[in-house]
Structures are given as structure tokens and as C-alpha cells.
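Visitor: I have a structure I would like to understand better, so I am pasting it below and will then ask my questions one at a time.
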Amino acid sequence: MTKLSVNVNKIATLRNSRGGNTPNLLQVAEDIQSFGGEGITIHPRPDERHIRYQDAYDLKPVVYTEYNIEGNPVPKFVDLVLAVKPTQVTLVPDAEDAITSNAGWDTKKHKSFLQEVISEFKQNGIRTSIFIDPVKDMIEGAAETNADRIELYTEEFASEYTKGNEKAIISYSDSAQLAIDLGLGVNAGHDLSLDNIKFFRDNIPGLLEVSIGHALISESIYLGLENVVNMYLHRLK
913 MTKLSVNVNK IATLRNSRGG NTPNLLQVAE DIQSFGGEGI TIHPRPDERH
963 IRYQDAYDLK PVVYTEYNIE GNPVPKFVDL VLAVKPTQVT LVPDAEDAIT
1013 SNAGWDTKKH KSFLQEVISE FKQNGIRTSI FIDPVKDMIE GAAETNADRI
1063 ELYTEEFASE YTKGNEKAII SYSDSAQLAI DLGLGVNAGH DLSLDNIKFF
1113 RDNIPGLLEV SIGHALISES IYLGLENVVN MYLHRLK
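In our numbering, the protein residues as written are 913 to 1149.
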């Protein structure tokens, strides 16, 4: 069964929009885990517009499942991850002003940098994952960085799937198999939803984990958080 890690950035966005501590991010993380969620993901950005850096520290004693911190490995982010020591760090090459992640790493161009950062994280017992497009050369480059896993950037799949183009899954299936052949674990995330997650899961070999935030929280407005978490878990079996 593929693990479900819930990205709680949108909970922090809602909290920050009003000030105060409602909704309570820590309580939501506890509730998601009690509902069956198998991990908590956060993606702090330099402007702290949703997840604050302090949240990463505050969540550490609360998350008893897998704790995944995503972000661009600028010095401040690296220091945060080394201090918190989550289960996994997912490296994402997002610009400071990006609304959301919009591209995977060029693992050939940034090979030396990624090797250096990944080595430091692994020496501290933190599993490493690289956010990546489903492109053969980039998968091969990821293996050369000594990362533990890749996270397939699934926006293109999700967009094409809504148009009825099920063949959009092929590059993802092929990339996942190549990653496995090269000794990499396979995660995925971005725009996965209740509508497309089962099809994606059924067609991706060796899928270990999905990280889902925006769609899951949006769906929960109508269907309820506990119900939605369990709907995902059922589709991921």
C-alpha cells in the first residue's frame, strides 16, 4: 500500500490569514494521523507565507508517523532540516516568489550541488528525495546524486487526466520503473486528487508515498477531513 503524507500548508495559510492560532496546525496534524494519515508534509518558504519556520520545530514532537519537510535547500532551509531532523527531506527547486512548485530539478546541471547537500542530510540520518520531472536523463541524474528517492512532479499528469488523456501516465510509469532499476525509491506529488489518485496509483510501479495538500484540504471543505483522509487511504490500497 502506498503511504499518504498530508501536506498541511493550506492549514497554515488559513491560520495566518486571520492571525491567532485558528485553525490550530498542531491539532490538525494530530487529527490527520489519528484518522489514519501516514505522514505529515510541510513546505516552508523564505517569506513564511504559510508554514513558518517555527512550525517545523513545533511539529517535531507531534508527528509520530513520517515527517517530510520540502523546500529549496538554501542555507536557512538546510539549517532548519538539520536541526529538526525529519524522517525525510524533499529537495524542491522553487523560486522564492513561486506560488507553488512548478518544475523539477535539472539533476545534470546541479549534480555537484545536490550531491553535497544530500551527503550532509544522509550523514545526519535523514532520508533524501529529489522533486523531479518524469524525464529519463533527470532520473538517471538523480541516481548519480546518491539520493534515496525521487518525488515525481505530477502536475502535467493531473492536467492531462482531467482532459481524458490517460496516456499521460506513460512517462510517469516508465520513469518510476527506471528509478527502481537504478535503486531509487519512488514518491509522487502535486495536483493529485480523489479524482485521479487511484488511476495514478494503479499505474505506477513501486509507488511508496504520495504527498497531497491543496486538493485534499479543498475536498475536506465539502466532505470533512476525516472522511477525505480515509477516502485517499482506500484508493491507495
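C-beta: ideal position from N, C-alpha, C; glycine also.
Give me, in chain order, the residues of the same chain whose beta-carbon lies closer than 6 Å to that of Leu964; leave out the 5 immediate sequence neighbours on both sides.
Guide: The sequence shown places Arg at residue 964, not Leu. The answer is none, since no qualifying residue turns up.
Visitor: What does DSSP give as the partner residues of Asn1108 in its beta bridges?
Guide: DSSP output for Asn1108 lists no bridge partner at all.
Visitor: Quick one: what's got a C-beta closer than 6 Å to Leu1094's C-beta in the same chain, skipping five residues either side?
Guide: Contacts found: Ala1055.
Visitor: If you drop the 5 nearest sequence neighbours on each side, which residues of the same chain put their C-beta closer than 7 Å to that of Val993?
Guide: So the qualifying residues of the chain are Ile981, Val1001, Phe1033 and Ile1038.
Visitor: Would Leu1096 and Ala1059 qualify as a contact pair, given that the criterion is a beta-carbon distance under 8 Å?
Guide: Going by C-beta atoms, Leu1096 is nearer than 8 Å to Ala1059.
Visitor: Going along the chain, which unbroken runs of the beta strand (DSSP E) with 3 or more residues stay wholly within the segment 975-1038?
Guide: Within the segment 975-1038, the complete beta strand (DSSP E) runs of at least 3 residues are 978-983 and 1000-1003.
Visitor: Using a Cβ cut-off of 8 Å (strictly closer), state whether Thr1040 contacts chain B.
Guide: In the displayed structure, chain B is absent; only one protein chain is listed.
Visitor: Roughly how many angstroms lie between the CA atoms of Arg961 and Val1098, to the nearest whole one?
Guide: Using only the alpha carbons, I get a separation of about 29 Å.
Visitor: Opposite Leu1119 in the DSSP bridges: which residues?
Guide: Val1098, per the DSSP bridge assignment.
Visitor: Pro987: which of Arg957, Ile1124 and Ser1085 sits nearest, CA to CA?
Guide: Considering only alpha carbons, the answer is Arg957.
Visitor: Using 8 Å as the Cβ pair cut-off and three pairs as the minimum, do the segment 1066-1080 and the segment 1019-1028 touch?
Guide: The answer is no - the segment 1019-1028 does not touch the segment 1066-1080, with fewer than three Cβ pairs under 8 Å.
Visitor: What first and last residue would you give for the beta strand (DSSP E) that runs through Leu1064?
Guide: Arg1061 to Tyr1065 is the span of the beta strand (DSSP E), which, as asked, contains Leu1064.
Visitor: Closer than 6 Å by C-beta to Pro1020: which residues in its own chain qualify, once you throw out the five before and the five after it? Chain order, please.
Guide: Strictly speaking, residue 1020 in this sequence is Lys, with Pro absent from that position. For Lys1020, where only same-chain residues beyond five positions count, the Cβ hits under 6 Å are Gly1053.
Visitor: Going by CA-CA distance only, name the one from Val940, Leu1104, Ala924 and Asp1018 that's closest to Met1050.
Guide: That would be Asp1018, whose Cα lies nearest to the Cα of Met1050.
Visitor: Identify whether Thr914 lies in helix, strand or coil by the three-state DSSP scheme.
Guide: The answer is coil: DSSP assigns Thr914 none of H, G, I, E or B.
Visitor: Taking buried to mean at least 16 other C-beta atoms within 10 Å of its own C-beta, is Leu1090 buried or exposed?
Guide: It is buried - the Cβ of Leu1090 has at least 16 other Cβ atoms within 10 Å.
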